[in-house]
Amino acid sequence: MTTTSTPAPPRIALHRDRLLPAEPATRGIARELYAAVRDLPIVSPHGHVPAQWLADDVPFPDPTALLITPDHYLTRLLHARGVPLADLGVGVADPTSAQSRAAFRLLCRHWPVFRGTPVKLWLEQVLVEVLGVDLVPSDDTADDLYDAIAERVADRGFRPRALYDRFGIDVLATTDDPCDDLAHHAALRDDPGWHGRVVPTFRPDRYLEAGLPGWADRVDALGEAAGVDTGSLAGWVDAMERRRAHFAEHGAVSADHGHRDAVMAPLDAAEGERLYARARAGHATPAEAETLRRGLLFEMARMSADDGLVMTLHPGVSRDHHAPSRERLGTDIGADIPVAAEFTEALRPVLHAFGTHPRFRLVVFTIDETTFSRELAPLAGFYPSLYVGAPWWFLDAPDAMDRYRAAVTETAGFAKTSGFVDDTRAYLSIPARHDASRRADAAYLARLVADHRLTLDEAHETARDLVTTIPREAFRL
Amino acid sequence: MTTTSTPAPPRIALHRDRLLPAEPATRGIARELYAAVRDLPIVSPHGHVPAQWLADDVPFPDPTALLITPDHYLTRLLHARGVPLADLGVGVADPTSAQSRAAFRLLCRHWPVFRGTPVKLWLEQVLVEVLGVDLVPSDDTADDLYDAIAERVADRGFRPRALYDRFGIDVLATTDDPCDDLAHHAALRDDPGWHGRVVPTFRPDRYLEAGLPGWADRVDALGEAAGVDTGSLAGWVDAMERRRAHFAEHGAVSADHGHRDAVMAPLDAAEGERLYARARAGHATPAEAETLRRGLLFEMARMSADDGLVMTLHPGVSRDHHAPSRERLGTDIGADIPVAAEFTEALRPVLHAFGTHPRFRLVVFTIDETTFSRELAPLAGFYPSLYVGAPWWFLDAPDAMDRYRAAVTETAGFAKTSGFVDDTRAYLSIPARHDASRRADAAYLARLVADHRLTLDEAHETARDLVTTIPREAFRL
Amino acid sequence: MTTTSTPAPPRIALHRDRLLPAEPATRGIARELYAAVRDLPIVSPHGHVPAQWLADDVPFPDPTALLITPDHYLTRLLHARGVPLADLGVGVADPTSAQSRAAFRLLCRHWPVFRGTPVKLWLEQVLVEVLGVDLVPSDDTADDLYDAIAERVADRGFRPRALYDRFGIDVLATTDDPCDDLAHHAALRDDPGWHGRVVPTFRPDRYLEAGLPGWADRVDALGEAAGVDTGSLAGWVDAMERRRAHFAEHGAVSADHGHRDAVMAPLDAAEGERLYARARAGHATPAEAETLRRGLLFEMARMSADDGLVMTLHPGVSRDHHAPSRERLGTDIGADIPVAAEFTEALRPVLHAFGTHPRFRLVVFTIDETTFSRELAPLAGFYPSLYVGAPWWFLDAPDAMDRYRAAVTETAGFAKTSGFVDDTRAYLSIPARHDASRRADAAYLARLVADHRLTLDEAHETARDLVTTIPREAFRL
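Residue numbers (the working numbering), protein chains in the order written: chain A, 1 to 477; chain B, 478 to 954; chain C, 955 to 1431.
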């Protein structure tokens, strides 16, 4: 179709120094620090890739279902520019191939929307390094890109297990419902052809929120899964402990919690049973449901101190902010919006109880950056049990990462941070996300070397720790 | 008076690279980006210049009344150093020429007070580029400066219309009371000798605040202006709709709102009428007045969705913080102090109702920087209707602008921001303010190019968009 | 013990350009600015060195008691890595020499914990410049370091008075209880061999907190010290005024206040007496105790306006966050954790009353960085009485200092800031702390020169002001 008069379409050029500081001497230091960690194995202690993909080594679907529809980082920005989510496949049960191609064209047409966002960085790196295509997305290139990607992912070398090796993943955590039988994890464990490490993560949020519809049924199901009667709070606790043990037997190292706030406040046994009974009967007021949830979360902390599963906390989000979209399209569509967070008072009771407990470990993530220097770094700089989680979600981006290190390090150093967490459903983007984090940390450390706060040797050790010992310690891996 | 032994007084040297990054390669990129947008026309979609100045092409007054007395950015800092506001002409009905000269001397004497603030940048640029004087203000130079400026502004070439052309203004928005007949705007429209564009902005705050003295009288006046009975809430709504239509006929593109908080919460009709009646009768409690205001603001949003006037929101300010000064000197004297802002919950009802409405557009400004990354960028990154306003007021300064871009861009990109808003009464400073914004954006974009997040071509397109398509889209110009 | 095959242990190399910007031209400017202020005398208007050290010129104790045990900046980070505080001597009445040496070894073993924190910078400078040892702390060097330091501090040249001269201290403020007779200050004043200036600071927190155990007894003691009956609020006020006068006679220039929040709210006389009486009788509810405290703090502001003692405020901290540690080890062990702060509304009544009062001066410190640009800089940019305190405690670190200047300067300039405050118990670290501040300010100013916001002359003047006229003005020294 091309003629001699058509200019060549622009190509993505991944610069080897991307995200490194512009000042030449500092860049030289950063380049050296980054080079030393670039190829170290990936430790991914928190994410959302389904274990089944690896257990069954399922082929990836069409380019839209692979790269667009499930990635709310991407669909939200297109929606913000007026693209209906359904046109991107969100909430569409079985999109036709024409629909998928049309959705891919929308992404390409709106490509400039992603300028300055990490989505551009991740997707460029996925296209070039994982998929081997380097056309800049646009109306002109959409179909060529679509076809090239479709062809590439049809190849056996692009199945999940092959990519697991190619990506250099050392350990990958999934996120799982307490009732999950973890059959895929068991299958992987028992598969002589599999030599990777995929560990489940216990995610019990829905069983703590008595204010949400269907809670009582879910708690019944929990009891069934655990083989105990969850008719009482004592039964709920027993069921949770059993399911946590089931997860631990299947390799779990952490339990993840994401509620509106970070408050954990113990209930005395009688009051707990009373609230639990009212909630079971559907009579709990919103305030009672909240009190119960905070009491149950305290119980989860207590269990973490007992069984050693690292407790991770992701609070401070107003979920499903746009009710009409939730009703039409469901949850996890990019309409969760952060709210201000508070930790100093919220965590006081749990830190009173377990803050110096040798088996308790609490990793706190936030999107409220104001808490990094004000609350989380001071807390992590005193309590041996508390770690400041890596910049999460909207903050998983180069400038935000720099602000995170600048806000946390002077008060808590490096050792009380969590190491990078990709938190992603987008399997293909895992290397790009970890790479961006390694570059950002190299950039930050280079700055400390350049103004003589660290020696180069100290920075080298720290850069290495940040991708090796530090995430392994924080997540007990 | 000078002798051979007096050293020459220091001169202001406006460096062509001011506000551009120091690192040479990054500066080179920034210089190129800035050069490409430096001379593009000024779009000023929100400000406080009176339309009458242009309608009547009124000559400017003496240097103090021109540059000092009405500019609370400047008087507040002198007041903070102990200069009584009255000595600067604030609240003085008819200052003598001796008083004006004395006030100008105070500015010059305290010139070092402005170091590090944007007032210094703006005023230096006004002196050199607009007024053609370059003496550094000081005790020694005060009188010479005063005389030189007085002479300059007496020239016909310094009338508002001549400056409008010289400044390259494409469109200038004023801010107007709903009862204003907009005669000056009409006069400009009908003036065959005028080829500029001056549009009114609907600013109804005072008609929503039933807790402020005189509210009932103002609402009566509103009814009179609209030709309807505002004795009921339905009448108030009708009157507002008519006045908005009047503004739209005169070219208005937006309605501006500045209350203590951003909450908009619909009232059902009966409850609304009940509260309105109590407020009319002077019986509303402060809590009722607040509930009513939040309901009325929701109504304004609903009207914006109907008539397409862009809704702009400037919440989060404690007005007239120092009551004794307000009593002596009135409002708008630099004693408005920001408070913490909240948007995620405050805007939920209005975004539920109109967040994806094709005619609704909401531009949110804040002085609480914490909300940029935590709330506003996430909201703008999902809702097609919502735009993040440029850094406003105290944040209209180089470092704050950089923090704004760094906080917003990674989550919401560039396209969901508002473009620059000068928000000023200081007509002469309009070019300097827009220039500072263009420099700051060039500096930010250059940084993204220097660390290979954007190509130079992408940065050029974005720099141009930021002063052309983006403000025009956000404000429907 | 060393043999030819052992590599030489690494040495601390203090780089002359540490903390200065990496970009060469900017560094050149910063180097010049720093050089011009490096050796200016130290003004330390707020700190915690005991006056007795200087009055009696007491020899320093062993290295652990000198450098580790009393310094909670340091012990908290070791505790956060699992070192029991008692192993560092905290709460240990009379540690053996073996215990002290073991504690010192723990510091050395965990030396990498301090990477990226100011503790590393301070301690490296103390070791090299004050103590003349330059071994990098580690397991291998711990004993050599311990012995070298012990030997050094046994020397007469390391007594407090000799160091006062060597450090170039011009004035040093202590922090003292209102009941303190200030005998050590008097002794210094009357000592013909002493030519320094050590001033007390009035710190009455414990007498305002009726909610804390022992309050009534403390108030009795206050009455005794003042020679008045504190059985009534009027008596309490009288006693405070007398003790403040006693402090002023002994050279005090400020009164320091640190409560949970910054609220000051006047009580009418009858209500005040009623609450005071209830509190004296032990019947005040927590809410009443809080109301009383806020009323008493307002009284302290009123006294400051009367007697001219500068009021300094350090609010926003949750003290003794970990109750079990407090019970075992006492207070001031590094377990105080910041909370969000609010100033705009909290300070409104006191600024209404005294905001433009010529004798009232209020310096506000915070660890909640969000208030710098949102509240404190706007307040200081209007009220002549209000100054923004230097970055305090966790924020006394290079990156935080840069954020502070960037957040405050554009709105309030330099003249309404307090100058550096070391706030330290660690006498040996005073020069290192002031040096870091001077370097950070030089770095910030150099950036303004490099992008042409300030001329080099303006920056020189400002750099000098920041360590001379500005702290002297803020603290009336």
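We treat Cβ as the ideally placed atom computed from N, Cα and C, and that holds for glycine. No experiment lies behind these values; they were computed from the predicted model shown.
Within a Cβ cutoff of 6 angstroms, which residues of the same chain sit near residue i, ignoring the five residues on either side of it in sequence?
{"i": "Gly1150/C", "result": "Tyr1118"}
{"i": "Leu1402/C", "result": "Leu1408"}
{"i": "Ile489/B", "result": "Glu601, Val605, Asp611, Val613"}
{"i": "Thr479/B", "result": "Confidence at Thr479/B is low in this model, with a pLDDT of 46, below 50, so the placement of that residue is unreliable and no value is reported for it."}
Any C-beta of chain A sitting closer than 8 angstroms to the C-beta of residue i?
{"i": "Gly866/B", "result": "no"}
{"i": "Met955/C", "result": "Only weak support exists for where Met955/C lies, its pLDDT of 43 falling under 50; the value from the coordinates is given anyway. No, no contact with chain A."}
{"i": "Arg930/B", "result": "yes"}
{"i": "Gly1288/C", "result": "yes"}
{"i": "Arg1030/C", "result": "yes"}
Spell out whether any CB of chain B is found under 8 angstroms from the CB atom of residue i.
{"i": "Gly82/A", "result": "yes"}
{"i": "Glu1370/C", "result": "Rather than Glu, the amino acid found at residue 1370/C in this sequence is Lys. At least one chain B Cβ lies under 8 angstroms of Lys1370/C."}
{"i": "Ser318/A", "result": "yes"}
{"i": "Glu375/A", "result": "no"}
{"i": "Arg115/A", "result": "yes"}
{"i": "Pro1268/C", "result": "Per the sequence shown, the amino acid found at residue 1268/C is His instead of Pro. Judged by the 8 angstroms Cβ criterion, His1268/C is not in contact with chain B."}
Excluding the 5 residues flanking residue i on each side, which residues of the same chain have their C-beta closer than 7 angstroms to its C-beta?
{"i": "His1064/C", "result": "Leu1032, Arg1035, Val1037"}
{"i": "Pro137/A", "result": "Leu107, Cys108, Trp111, Leu145"}
{"i": "Leu33/A", "result": "Ala442, Leu445, Ala446, Ala459, His460, Ala463"}
Would you verify that the beta carbon of residue i is, or is not, closer than 8 angstroms to some beta carbon of chain C?
{"i": "Arg296/A", "result": "The question names Arg, but residue 296/A in the sequence shown is Leu. No, Leu296/A does not count as interfacial toward chain C."}
{"i": "Arg348/A", "result": "yes"}
{"i": "Tyr383/A", "result": "yes"}
{"i": "Thr847/B", "result": "yes"}
{"i": "Leu497/B", "result": "yes"}
Could you pull the start and end residues of the alpha helix (DSSP H) that residue i belongs to?
{"i": "Ile907/B", "result": "907-927"}
{"i": "Asp220/A", "result": "215-226"}
{"i": "Thr939/B", "result": "933-944"}
{"i": "Ile983/C", "result": "978-991"}
{"i": "Val596/B", "result": "595-602"}
Could you give the first and the last residue of the continuous beta strand (DSSP E) run that contains residue i?
{"i": "Ile1123/C", "result": "1123-1127"}
{"i": "His662/B", "result": "First-last for His662/B: 660-667, but that is the alpha helix (DSSP H), not the beta strand (DSSP E)."}
{"i": "His1211/C", "result": "1208-1211"}
{"i": "Leu863/B", "result": "863-865"}
Would you please state the rounded distance, in angstroms, between the beta carbons of residue i and residue j? I believe it to be under 8 angstroms.
{"i": "Ala761/B", "j": "Leu752/B", "result": "7 angstroms"}
{"i": "Pro948/B", "j": "Val675/B", "result": "Incorrect: roughly 16 angstroms between the Cβ atoms, too far for contact."}
{"i": "Leu598/B", "j": "Ala909/B", "result": "7 angstroms"}
{"i": "Met741/B", "j": "Pro681/B", "result": "Going by Cβ atoms, the distance from Met741/B to Pro681/B rounds to 14 angstroms, so no, they are not a contact pair."}
{"i": "Arg1422/C", "j": "Leu1126/C", "result": "Reading the sequence as shown, one finds Thr at residue 1422/C and not Arg. Actually they do not touch by this definition, with Cβ atoms about 16 angstroms apart."}
Among residues of its own chain, excluding the 5 on either side of residue i, which ones have a beta-carbon nearer than 8 angstroms to its beta-carbon?
{"i": "Ala340/A", "result": "Gly316, Asp368, Thr370"}
{"i": "Asp191/A", "result": "Ala55"}
{"i": "Gly580/B", "result": "For clarity, residue 580/B is Ala in the given sequence; the question names Gly instead. Same-chain partners within the cutoff: Thr541, Ile545, Thr546, Asp564, Leu565, Gly566, Pro572."}
{"i": "Ser232/A", "result": "Glu273, Tyr276, Ala277"}
- Message: Quick check: the segment 212-230 of chain A against the segment 13-31 of chain A, are at least 3 beta-carbon pairs closer than 8 angstroms?
- Response: Cβ pair count under 8 angstroms is below three, so no.
- Message: I want to know whether the segment 363-377 of chain A touches the segment 408-418 of chain A - three or more CB-CB distances under 8 angstroms.
- Response: Pairwise C-beta distances place the segment 363-377 of chain A in contact with the segment 408-418 of chain A, as three or more of them are shorter than 8 angstroms.
- Item | Touch test, the segment 1149-1169 of chain C against the segment 1206-1218 of chain C, Cβ-Cβ under 8 angstroms, three pairs minimum | With the cut-off at 8 angstroms, the segment 1149-1169 of chain C and the segment 1206-1218 of chain C touch.
- Message: Would you call the segment 309-328 of chain A in contact with the segment 795-813 of chain B, where contact means no fewer than 3 C-beta pairs closer than 8 angstroms?
- Response: Segments in contact, no.
- So does the segment 1101-1112 of chain C actually touch the segment 979-988 of chain C, counting three or more Cβ pairs closer than 8 angstroms? As far as the Cβ criterion goes, the segment 1101-1112 of chain C does not touch the segment 979-988 of chain C, which means the pair count is below three.
- At least 3 beta-carbon pairs within less than 8 angstroms: the segment 530-538 of chain B vs the segment 933-948 of chain B: Remark: fewer than three beta-carbon pairs, one from each stretch, lie closer than 8 angstroms, so the segment 530-538 of chain B and the segment 933-948 of chain B are not flagged as touching.
- Task: Tell me, please, whether the segment 1293-1312 of chain C touches the segment 828-835 of chain B by the rule of three or more beta-carbon pairs shorter than 8 angstroms.
- Result: Look at the beta carbons and you see the segment 1293-1312 of chain C not touching the segment 828-835 of chain B: under three pairs across the two are nearer than 8 angstroms.
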